[in-house]
Structures are given as structure tokens and as C-alpha cells.
Amino acid sequence: MATVSLEIVRSEGVRQTTTSNRKTELALIPDYVSSAVGRRGEIVDIFVVEVKAPDRNQSSDDYFKLGEEMKRMTTRLENLGLRNAKVCGLLVDGWNCTGYTMFLRNEAVYAFVEIGSFQLIKHQNQLCLLKNAVEILQTIKLTILETAKLVQDNDLELWKSNLVRESYTPGYE
22 MATVSLEIVR SEGVRQTTTS NRKTELALIP DYVSSAVGRR GEIVDIFVVE
72 VKAPDRNQSS DDYFKLGEEM KRMTTRLENL GLRNAKVCGL LVDGWNCTGY
122 TMFLRNEAVY AFVEIGSFQL IKHQNQLCLL KNAVEILQTI KLTILETAKL
172 VQDNDLELWK SNLVRESYTP GYE
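To convert, count from 1 in the sequence shown and add 21; that's this note's numbering.
Below, the structure is given as C-alpha cells:
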């Protein structure tokens, strides 16, 4: 059985990083992330959650942030040699939740597919909303467990050979 660990990241959503060129850039940090652990202890992100409180500013760009995080996760899986792997994301926008999956359809063509959406329960008379929520969350669970199994079953010692594509020639200064 695949081991899936949940790592909670608490932050303002943005972190500063310094690249090799000494430039400071902003990196997105997810609200929650779930990672699969490979045979050799490699940690690979496979599920991400972005949350916006019901009373928060409505002009938030969490949808785009979620897409960028999922693209980064998909690219990393592909670079590790896992060509058919899918990652999932959940956008919690107030009381509305939407599940997404992303996979690489062709080289540099990412499929960002909505699994479905559901409402969170505000009152006990809304228990009928649970059926849709459970179905969508079960689909997400099965997808990330399938990806976690791929991570665990594959030999991820392909780091150096697959990190740079053949069509890419780095410029040396």
C-alpha cells in the first residue's frame, strides 16, 4: 500500500527564494500539500489544497495559484520518469469546493480538468450535500493513491538523466 503523508504548510502563501543568479523571486506556497514517499525516501507532492475563507477578499487569485502549483507538481513527476501520473488539487473558495486533476497530455501540454464541485455544510439540514462531496473526495483519493503507488513502485533514480530534456540546451556563461 502506498504511503501518503500530509504535510501542513502555514504561511502567507508566498516565500522568497534566492536563485543561483542571486535574484530574489517569489515562490508559491500551498495552504496544504500531500506528498508520496518513494522507495528511497524521495518526497513528491501529489495533492494540494488552496483555501479562501468565506469573508475574505473576493479578488483572490487562488484558482491560478492552484493551477501553477499543480503544473509544478506534474512537471516534477514527469522529470522523474512518471509519464502517466496525475496530481490533484482542491480549491476551497468560501463555502464552495472544486476538485481538479492535472496530467501531461503531450509534451508541454497540461490538462487541467475539473473533477466536480460541492458545497460545504453550513447547517445540519444540508446533510444531503454530503453525497456529492464524498463522491468527489473519493475520486481525488483514488487518483492520489494511484499516483502514490506509481511513485513507490518506480525507481526514481532517474533524476540526473531526466531533469534536462534532450531538446533543451542550457546556456553556459
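Virtual Cβ for every residue (Gly too), placed ideally from N, Cα, C.
Note that the structure is predicted; figures quoted are calculated from it, not measured.
- Taken through DSSP and simplified to helix, strand or coil, Ile136 comes out as strand.
- Excluding the 5 residues flanking it on each side, Gly88 has same chain C-beta neighbours closer than 7 Å at Phe133, in chain order.
- In this model, Gly102 and Thr164 are separated by some 18 Å (Cα to Cα).
- DSSP places Asp66 in the uninterrupted beta strand (DSSP E) bounded by 64-73.
- Distance from the Cα of Gln159 is smallest, within the candidate group Asp114, Asn175, Asn146, Gly110, for Gly110.
- Taking a contact to require three or more Cβ pairs closer than 8 Å, the segment 82-99 and the segment 119-126 qualify as touching.
- Under the DSSP assignment, Asp174 falls in the alpha helix (DSSP H) whose first and last residues are 151-174.
- The alpha-carbon of Asp83 is positioned some 9 Å away from that of Val113.
- Remark: C-beta atoms of Val108 and Ile67 approach each other more closely than 8 Å.
- Non-local beta-carbon contacts of Pro75 in its own chain, meaning distances under 7 Å to residues more than five positions away in sequence, involve Gly115, Trp116 in chain order.
- Secondary structure of Leu112 (DSSP, three-state): strand.
- Looking at Ser56, Ile50, Asp52, the one whose alpha-carbon comes closest to that of Val172 is Ser56.
- The C-alpha of Arg77 is placed about 26 Å away from the C-alpha of Ile161.
- Distances from the alpha-carbon of Arg104 to those of Val72, Pro51, Glu128, Phe85 put Glu128 closest.
- In the three-state reduction of the DSSP assignment, Asn100 falls in the helix class, which pools H, G and I.
- Judged by DSSP in its simplified three-state form, Leu148 adopts helix.
- Classified as exposed, Phe85 has fewer than 16 neighbouring CB atoms from the shown chains inside 10 Å of its CB.
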